[in-house]
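**Student:** Below you will find the structure I want to go over with you.
In the working numbering, the protein residues as written are 3 to 322.
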């Protein structure tokens with residue numbers, strides 16, 4: 003991307019109630035509606051279309067992704083506008099060869115065939131070609147997305163599905179993937195929901211070349227509480243720390259564009275359906291925070307331990 007060039011983004015906020023609508027309306031109907039609404043805002047100059055986390059919760063088999071109905075629906079947007087890349091959150095799965103032992107901690111066997119499967123909370127980048135970039139969420143929400151196969155299975159089976167989670171646990175990946183636009187070459191970090199809470203973790207995307215941060219999340223599980231507001235505030239922190247613009251797509255809000263100063267320039271209100279059409283400027287400079295991570299926190303922790311030890315020793319000496 004040329005220095006100072008602007009990227010045109012479309013951010014979708016479908017406002018699907020995760021408690022009453024998400025699992026009662028067929029996913030293809032939900033996604034088709036969202037694709038149609040989003041397409042109405044896309045122009046030939048649009049670079050990115052960004053949709054929320056788990057916009058589809060019906061697992062896409064990664065081995066046959068191009069034949070998948072949901073992928074075909076999303077690809078229609080790119081086919082109408084060949085310069086557009088679409089990012090959407092979907093649940094995916096990967097099959098492993100038959101074996102007696104699970105290949106990963108999160109893998110599970112669904113029947114007696116001996117085939118193991120890993121399920122992921124994923125972000126996918128889709129364009130007109132057959133190649134699909136995939137990133138798997140790697141900071142999982144404790145108790146909701148983490149492995150429960152060795153835990154209270156009956157309790158998990160009764161409670162966790164209603165919290166948008168999984169009773170067997172999602173798989174993760176070791177490295178932070180960066181999505182590359184198929185036309186402009188711009189690089190974006192696909193940060194999924196809870197991952198945006200961790201500063202140094204998001205810094206890994208930037209160290210891997212991300213020029214902008216795209217946060218996809220649901221946040222509808224919070225309902226109208228301070229939870230979603232608290233989560234939103236982290237996005238501004240990540241923008242300030244990394245000096246990267248943030249485009250945030252949240253199912254029920256707040257979707258927004260945040261500049262490198264942490265200021266929300268455009269946003270959609272909570273619990274509204276809508277689309278943002280805006281622009282961001284990709285950045286390449288590496289900040290001190292990105293380079294060194296949470297060094298201030300680590301230094302403060304060491305100093306706290308040292309102060310505690312000194313205070314303890316002085317107290318013992320005074321007792322003597």
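Using N, Cα and C, we set each Cβ at its ideal position, and we do this for glycine too.
A quick note: this is a predicted structure, and the numbers were derived from the prediction, not measured.
Are the beta-carbon atoms belonging to residue 264 and residue 298 less than 7 Å from one another?
**Tutor:** Their beta carbons are not under 7 Å apart, which means residue 264 does not touch residue 298 by this criterion.
**Student:** Work out the CA separation of residue 255 and residue 96 for me, nearest whole Å.
**Tutor:** Roughly 30 Å between the two C-alpha positions.
**Student:** Where does residue 322 fall in DSSP's three states?
**Tutor:** Correct three-state label for residue 322: coil.
**Student:** Is residue 299 helix, strand or coil by DSSP?
**Tutor:** Helix at residue 299.
**Student:** Buried or exposed, going by whether 16 or more other CB atoms sit within 10 Å of the CB of residue 286?
**Tutor:** Exposed, by the Cβ-count rule.
**Student:** Taking DSSP as the reference, what is the three-state secondary structure of residue 276?
**Tutor:** Looking at residue 276 - three-state DSSP - the assignment turns out to be strand.
**Student:** Quick one: Cα of residue 196 to Cα of residue 99, how far?
**Tutor:** Roughly 31 Å separates the two Cα atoms.
**Student:** Would you mind sorting residue 126 into buried or exposed? The rule is 16 or more other CB atoms within 10 Å of its CB.
**Tutor:** Residue 126 comes out buried.
**Student:** I'd like to know whether the C-beta atoms of residue 52 and residue 251 end up nearer to each other than 7 Å.
**Tutor:** Taking 7 Å as the Cβ cut-off, residue 52 and residue 251 qualify as a contacting pair.
**Student:** Using DSSP bridges, identify the partner residues of residue 50.
**Tutor:** DSSP lists 11, 87 as partners of residue 50.
**Student:** Can you grab the Cα-Cα spacing for the pair residue 305 / residue 245, in whole Å?
**Tutor:** Answer to the nearest angstrom: the Cα atoms are 28 Å apart.
**Student:** Quick one, are the C-beta atoms of residue 72 and residue 33 less than 7 Å apart?
**Tutor:** Yes. Within cutoff.
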